[in-house]
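In our numbering, the protein residues as written are 4 to 166.
Glycine is no exception: its CB is placed at the ideal position from the N, C-alpha and C atoms.
Owing to the predicted nature of the structure, the values given are computational and were not obtained by experimental measurement.
Worksheet: the structure to be examined is printed underneath.
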């Protein structure tokens, strides 16, 4: 399903290739939408696309990976293809992202930062259930196991520009 949506939104989209450039563009996208910079700790990103007219974004990596956000003790699985529709402080209609809750992998479809309390980020499942965590748990300095050196370097470089 994600591939069909990507092809549908490819026309008119900004598309980037190459691990270093894609890692940089992924961090830029997070910064532009006011989301935590460590939210997408993807490794070996091969393609990033962003259709600004529709808000549709996709990230393709060589293989799926699991990342542990140590501050909240949660494992998150990122498929080889991750898609979402982005807005300010929000990612909705996500595909390719799951969180481990008590031995079960749960699909995540939406995440947002409430404008009234910007210190909290909420993740929702397709069934409407949600969980809220501190935004600080998803900072670029999180030392989870899956962060690639190129992504970390790009994130560090982008953070210096953003300051």
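- Following the DSSP letters along the chain, one finds residue 109 inside the beta strand (DSSP E) bounded by residues 107 to 110.
- Taking residue 71 as reference, the option from 102, 7, 118, 65 with the minimal CA-CA separation is 102.
- In this structure the region 72 to 84 does not lie against the region 28 to 35, because fewer than three pairs of beta carbons, one per stretch, are closer than 8 Å.
- Of the other Cβ atoms in all chains shown, fewer than 16 fall within 10 Å of the Cβ of residue 7; this residue is therefore exposed.
- Taking each of 98, 88, 38 in turn and checking the Cα distance to residue 80, the smallest one comes out for 98.
- Sixteen is the threshold: when 16 or more other Cβ atoms of the shown chains lie within 10 Å of the Cβ of residue 61, as they do, the residue is buried.
- The beta-carbon distance between residue 30 and residue 40, rounded to whole angstroms, is 6 Å. This is short enough to meet the 8 Å contact definition.
- When only Cα atoms are considered, residue 126 and residue 110 end up about 10 Å apart.
- Just measuring C-alpha positions, the residue of 132, 84, 57 sitting nearest residue 16 is 57.
- Scanning 68, 38, 54, 55 for the CA closest to the CA of residue 48 turns up 68.
- Contact check for residue 42 against residue 136 fails: the beta carbons are separated by 8 Å or more.
- DSSP places residue 28 in no beta strand (DSSP E) but in the uninterrupted alpha helix (DSSP H) bounded by 22 to 35.
- If the five residues before and after residue 63 are omitted, its C-beta is found closer than 6 Å to the C-beta atoms of 49, 50, 84, all from its own chain and listed in chain order.
- A direct Cα-to-Cα measurement between residue 115 and residue 10 gives close to 26 Å.
- Approximately 7 Å separates the beta-carbon atoms of residue 94 and residue 113; this is inside 8 Å, confirming the contact.
- In this structure, DSSP gives residue 122 a state outside helix and strand, which the three-state scheme calls coil.
- For residue 116, the enclosing beta strand (DSSP E) begins and ends at 113 to 116.
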